[in-house]
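S.K.: Here it is, the structure, as structure tokens.
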Amino acid sequence: MLTDYHPLEDWPRPPAALPHARLNEPPADARVTVAGLVLVRQRPGTAKGVVFLTLEDETGVANVVVWAKVFQRFRRAVIAGRLLRVTGRLQREAEVVHVVAEAIEDITPMLDELLAPPGAPALRAEAARADGRP
Numbered sequence: 010m011l012t013d014y015h016p017l018e019d020w021p022r023p024p025a026a027l028p029h030a031r032l033n034e035p036p037a038d039a040r041v042t043v044a045g046l047v048l049v050r051q052r053p054g055t056a057k058g059v060v061f062l063t064l065e066d067e068t069g070v071a072n073v074v075v076w077a078k079v080f081q082r083f084r085r086a087v088i089a090g091r092l093l094r095v096t097g098r099l100q101r102e103a104e105v106v107h108v109v110a111e112a113i114e115d116i117t118p119m120l121d122e123l124l125a126p127p128g129a130p131a132l133r134a135e136a137a138r139a140d141g142r143p
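First residue of the sequence shown: 10, per the numbering used here; consecutive thereafter.
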């Protein structure tokens, strides 16, 4: 039995990523890096090619704005990434905080570390067929 284990303490934080709960600390227009699981991808038809991402880490969520030019440059990561690291400028409007993306990195392979219990080797998530066959 693991009585000393606390999932937030052992969370494999991506290097140089600011926890989402601390996004209120840097000044507006500061350059920050956040990372998290992709909860939502939105590309409204009225947004002129802008993509809105919602990322979640162990402390909360971060809203990310991806302008069309940045989307084209990092298209594969934005579309396919399940775990992303985003660097950009912090934008504040009243109580709402956004990260305006400048660079986006797909760090989905780090999910193997999240799936493995502490001290165990990393697991590889294998694709499963609906009929249960390998």
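The C-beta atom is built at its ideal place from N, Cα and C for all residues, glycine as well.
1. DSSP state of residue 38, grouped into three classes?
2. Identify, in the order they occur along the chain, each residue of the same chain with its Cβ nearer than 8 angstroms to the Cβ of residue 86, setting aside the five sequence neighbours on each side.
3. Could you pull out every residue in the same chain whose Cβ sits closer than 7 angstroms to the Cβ of residue 101, ignoring the five residues on either side in sequence?
4. Assuming residue 105 contacts residue 42 under a Cβ cut-off of 8 angstroms, what Cβ separation, rounded to an integer in Å, is found between them?
5. Between the C-alpha atoms of residue 35 and residue 80, what's the straight-line distance to the nearest angstrom?
6. Enumerate in chain order the residues of its own chain whose CB-to-CB distance from residue 33 is below 8 angstroms, with the five nearest sequence positions on each side excluded.
7. Given the structure, does residue 94 come close to the ligand NAD, in the sense that its CB is under 8 angstroms from one of the ligand's heavy atoms?
8. What residues match up with residue 51 in a beta bridge as DSSP calls it?
9. Below 6 angstroms CB to CB, which residues in the same chain sit around residue 39 once its five sequence neighbours on both sides are set aside?
M.R.: The relevant details are as follows:
1. Residue mapping note: residue 38 aligns to position 29 of the sequence shown, counting from 1. DSSP places residue 38 in coil when its eight states are reduced to three.
2. Working through the sequence shown from its first residue, we reach residue 86 at position 77. Within the same chain, residue 86 has close Cβ partners 93, 113, 114, 115.
3. As a working mapping, residue 101 is identified with position 92 in the sequence shown. Sequence-distant partners of residue 101 (beyond 5 residues in either direction) whose C-beta falls short of 7 angstroms from its own C-beta, in its chain, are 37.
4. As a position in the sequence shown, residue 105 is number 96, starting the count at 1. As a position in the sequence shown, residue 42 is number 33, starting the count at 1. Between residue 42 and residue 105 the Cβ distance is about 20 angstroms, and since that is not below 8 angstroms, they are no contact.
5. As a first step, residue 35 must be located in the sequence shown, where it is residue number 26. As a first step, residue 80 must be located in the sequence shown, where it is residue number 71. Those two C-alpha atoms are separated by around 25 angstroms.
6. Here residue 33 corresponds to residue number 24 of the sequence shown, with the count starting at 1. Contacts found: 106.
7. Ligands are entirely absent from the displayed structure, and the ligand NAD is therefore not among its contents.
8. For the purposes of this step, residue 51 is identified with residue 42 of the sequence shown, where counting begins at 1. In the DSSP output, where bridge partners are listed per residue, residue 51 has 61.
9. Taking the first residue of the sequence shown as 1, we reach residue 39 at position 30. For residue 39, where only same-chain residues beyond five positions count, the Cβ hits under 6 angstroms are 99.
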